[in-house]
C-alpha cells in the first residue's frame with residue numbers, strides 16, 4: 001500500500017496535523033473493484049497525533065545502506081513504524097499470554113500483514129523536520145557500544161534540532177482499545193526505543209515530552225521486565241550514556257549469551273540502555289531488562305552495577321571531553337523540552 005504523503009506543514013504551527021479529505025458514503029458504496037475500494041479507503045479521514053522529538057545521543061546507521069546515516073532522511077518513518085510494532089507485540093504478549101494466534105490476528109488487524117487474506121495497516125507514520133539538519137561527526141565512541149560493528153568516519157552523527165513524529169489512525173476501522181494500544185506503543189518507544197541502529201546500546205535516544213515517563217512499576221506490571229536507574233547524575237546525556245556502556249561492559253557480558261524472541265538463529269540483546277533528564281536538569285542512565293533474560297544471577301549483578309557503579313575520574317573527564325562538541329548547546333536548544341519533562345518526572 002503506497003504511503004499517503006502529508007501536505008506541507010506550516011512553520012508557524014509545526015505540530016498541527018494536516019487535514020485529510022473525506023469520501024461520501026455514496027461514493028464508497030459504489031466502489032466495486034479492489035483498486036476502487038483502495039482509493040475509497042484512502043479518501044477516508046485520518047486522525048493525526050503529533051509528537052515533538054529531540055535526539056540526545058548520537059545517531060548510528062539507520063539509512064538505506066547498513067551502518068550509514070542517510071543525511072537526506074536520517075530518521076525514517078518506516079523504521080519507527082517497525083519499532084512501534086515491536087513494542088506493541090511485547091505488550092500484547094503480556095496481555096494475551098502464549099496465544100500466538102491471537103497475537104497474530106490482533107497485530108495484522110492493526111498493523112497489517114501478509115496473511116490470508118492480506119490486511120492493510122490502519123496506522124500511518126510520518127516524520128517531518130522543522131529546519132534543515134546540520135550534522136556533526138562524532139568520534140571516540142566507546143567500542144563496546146558498537147559491539148564489533150564496522151565503522152568509517154562520519155558513520156556516527158549528531159544534530160541538535162527538533163523534529164515531529166505524526167501518527168495517524170483510520171478510526172472508522174479501529175476500536176478505542178486499538179487506538180489506545182498504538183498510543184501505548186508510542187509511549188514505550190519514546191521511553192526505551194530510538195532512531196537509527198544500535199538503539200539497545202543507547203544510540204539514537206530521543207526525548208518526547210508528550211509521552212509520560214514510565215516507572216519501574218509500569219515495566220513490571222505491563223511488560224514483566226525490570227527497570228533500574230543509575231544512582232549518579234551527570235552533566236550531559238553523553239556522559240550518562242558512557243556510564244551505562246562501561247557498566248554493561250564490566251558486568252553485563254554474561255547476559256549477552258542470549259536467545260532472541262525469534263529463536264536461537266536471531267539473537268538480540270535483552271538489555272536496553274537509555275538516558276533520561278532529571279528534575280534538576282542533569283542526566284541519568286537507565287537500563288531496561290526484558291523479560292526473556294535467562295541468566296537471572298548475572299542480570300541481577302549488572303542491574304546492581306549500573307545502579308551503584310561510578311566511572312573513574314579519568315573516564316568521566318574523557319567522556320566530558322568527548323561530549324563537548326556533541327552537547328555543548330543541548331541545554332540551551334531544548335530548555336523548553338526539559339521543562340516539559342521535568343513536570344512529568
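Numbering (UniProt numbering), first residue to last: 1 to 345.
Each residue gets a CB set at the ideal place from its N, CA and C atoms; glycine is no exception.
Taking 8 angstroms as the cut-off, the beta carbon of residue 187 is found no closer than this to the beta carbon of residue 110. Contact holds between the region 224-236 and the region 281-292, because three or more Cβ pairs, one in each stretch, are under 8 angstroms apart.
Considering only 270, 50 and 275, the residue with the shortest C-alpha distance to residue 240 is 275. The C-beta distance from residue 185 to residue 91 rounds to 7 angstroms, short enough to fall under 8 angstroms. DSSP, read as helix, strand or coil, puts residue 113 in strand.
Sequence-distant Cβ neighbours of residue 181 in its own chain, meaning closer than 8 angstroms and more than five residues away, are 88, 91, 92 and 110.
A Cβ-Cβ contact shorter than 8 angstroms links residue 225 with residue 291. DSSP places residue 213 in the coil class of the three-state scheme, outside both helix and strand. Less than 8 angstroms separates the beta-carbon of residue 123 from that of residue 167. With 16 or more other Cβ atoms from the protein chains shown falling within 10 Å of its own Cβ, residue 204 counts as buried.
For the 8 angstroms CB-CB criterion, residue 287 and residue 195 do not form a contact. By the neighbour-count definition (other C-beta atoms within 10 Å, threshold 16), residue 114 is an exposed residue. Boundaries cannot be given for residue 174, as no beta strand (DSSP E) includes it and DSSP labels it neither H nor E. About 19 angstroms separates the beta carbon of residue 245 from that of residue 207, a gap too long to meet the 8 angstroms contact definition.
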